[in-house]
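These protein sequences, in sequence, are chains A and B.
Just so we're aligned, residue 13 is where the first sequence starts under the working numbering, counting upward by one.
Just so we're aligned, residue 33 is where the second sequence starts under the working numbering, counting upward by one.
Let me begin by presenting the structure, written as structure tokens, before commenting on it.
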Amino acid sequence: DGGITQSPKYLFRKEGQNVTLSCEQNLNHDAMYWYRQDPGQGLRLIYYSQIVNDFQKGDIAEGYSVSREKKESFPLTVTSAQKNPTAFYLCASKGGHDRAHQPQHFGDGTRLSIL
Amino acid sequence: DAKTTQPPSMDCAEGRAANLPCNHSTISGNEYVYWYRQIHSQGPQYIIHGLKNNETNEMASLIITEDRKSSTLILPHATLRDTAVYYCIDMNYGGSQGNLIFGKGTKLSVKP
Chain A
13 DGGITQSPKY
23 LFRKEGQNVT
33 LSCEQNLNHD
43 AMYWYRQDPG
53 QGLRLIYYSQ
63 IVNDFQKGDI
73 AEGYSVSREK
83 KESFPLTVTS
93 AQKNPTAFYL
103 CASKGGHDRA
113 HQPQHFGDGT
123 RLSIL
Chain B
33 DAKTTQPPSM
43 DCAEGRAANL
53 PCNHSTISGN
63 EYVYWYRQIH
73 SQGPQYIIHG
83 LKNNETNEMA
93 SLIITEDRKS
103 STLILPHATL
113 RDTAVYYCID
123 MNYGGSQGNL
133 IFGKGTKLSV
143 KP
């Protein structure tokens, strides 16, 4: 079945450590997104990519980095510069060109906690 | 901040229709109405979207008023698995970064 796979489901980070969250899609979608969700809150956009080898900062990019070397993969690194990384991280993808009104589809998220 | 307003919670009896309202007081002509839902500890699930006309798919129906200031998501025969937080969003991908801005949504509880 086509879909978006995020791994791991749960992740623990020590202070000062970088961690990388995986996001893979087999939907042949051009656009991919990373969001952060805090308890009881909506989504906040971290980074997005409309096409391979290109990505842009979202509203809260500080302390995060991404790469888009392959169409199907958009990994997110949470660096030690991110002072409050504990959150639920969601990856999404969207088909069609960047202005097409196709819905974003989400993975099941990675829950990151600080030890 | 979210542009839409929704009631914080609603109850529905299992097997009955669930009608979830949304106000889009500032929607512009080229913005679509999207509905998503989120079950606890899972990613949001796309339900349906539309511009002006009513839409129906295998999950739900979407009714948009003629002035587009309000919409209603209809789950025709609610089941216990439909218990979730439902979000309505105004979105125009053209000229925007495609940022989905979720408000607080409506927590739908389907009861036996």
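C-beta atoms are modelled at their ideal positions from N, C-alpha and C, and glycine is treated no differently.
On a predicted model such as this, the values are computed, not experimentally measured, just so you know.
Take the Cβ of residue i as the centre, count every other Cβ of all protein chains shown within 10 Å, and call the residue buried at 16 or more, exposed below.
i	result
B/S57	exposed
A/I63	exposed
A/G121	buried
A/Y22	exposed
A/Q116	buried
A/D66	exposed
A/A43	buried
In terms of residue numbering, what span does the beta strand (DSSP E) encompassing residue i cover?
i	result
A/V78	76 to 78
A/V64	Looking at the DSSP string, A/V64 is not in any beta strand (DSSP E), and its letter there is neither H nor E.
A/L88	88 to 90
B/D43	41 to 45
What residue from the options has the CA that sits closest to residue i's CA?
i	options	result
A/G15	A/C103, A/E81, A/R56	A/C103
A/P87	A/A99, A/G108, A/V31, A/G52	A/V31
A/C35	A/T89, A/Q94, A/D71	A/T89
B/M91	B/R113, B/S102, B/I121, B/E63	B/R113
B/K139	B/M42, B/E63, B/I96	B/M42
B/P40	B/C120, B/P144, B/N131, B/N124	B/C120
B/Q38	B/L132, B/N131, B/V117, B/N124	B/V117
B/E46	B/T115, B/T88, B/N62	B/T115
B/N131	A/F24, A/W46, A/G52, A/S19	A/W46
B/A49	B/D122, B/N124, B/A110, B/G137	B/A110
A/Y59	A/K26, A/S92, A/N40, A/Y101	A/Y101
B/R100	B/N51, B/V65, B/K143	B/V65
A/Q94	A/S85, A/S77, A/S105	A/S77
Taking Cβ-Cβ distances shorter than 9 Å, what residues in chain A pair up with residue i?
i	result
B/N131	Y45, Y47, L55, R56, L57, Y60, G70, D71
Residue i touches chain A at which residues, Cβ-Cβ below 7 Å?
i	result
B/A34	G54
B/G135	G54
Since residue i meets chain B, which of its residues come closer than 7 Å, beta carbon to beta carbon?
i	result
A/D120	Q74, G75
Report the neighbours of residue i on chain A: residues whose CB is nearer than 8 Å to its CB, in chain order.
i	result
B/Y64	H113
B/H81	H113, P115
Taking Cβ-Cβ distances shorter than 9 Å, what residues in chain B pair up with residue i?
i	result
A/L102	G75, P76
Complete runs of the beta strand (DSSP E) confined to the stretch 61 to 116 of chain B [at least 3 residues]: Segments of the beta strand (DSSP E) lying fully in the stretch 61 to 116 of chain B: 64 to 70, 77 to 82, 93 to 96, 102 to 107.
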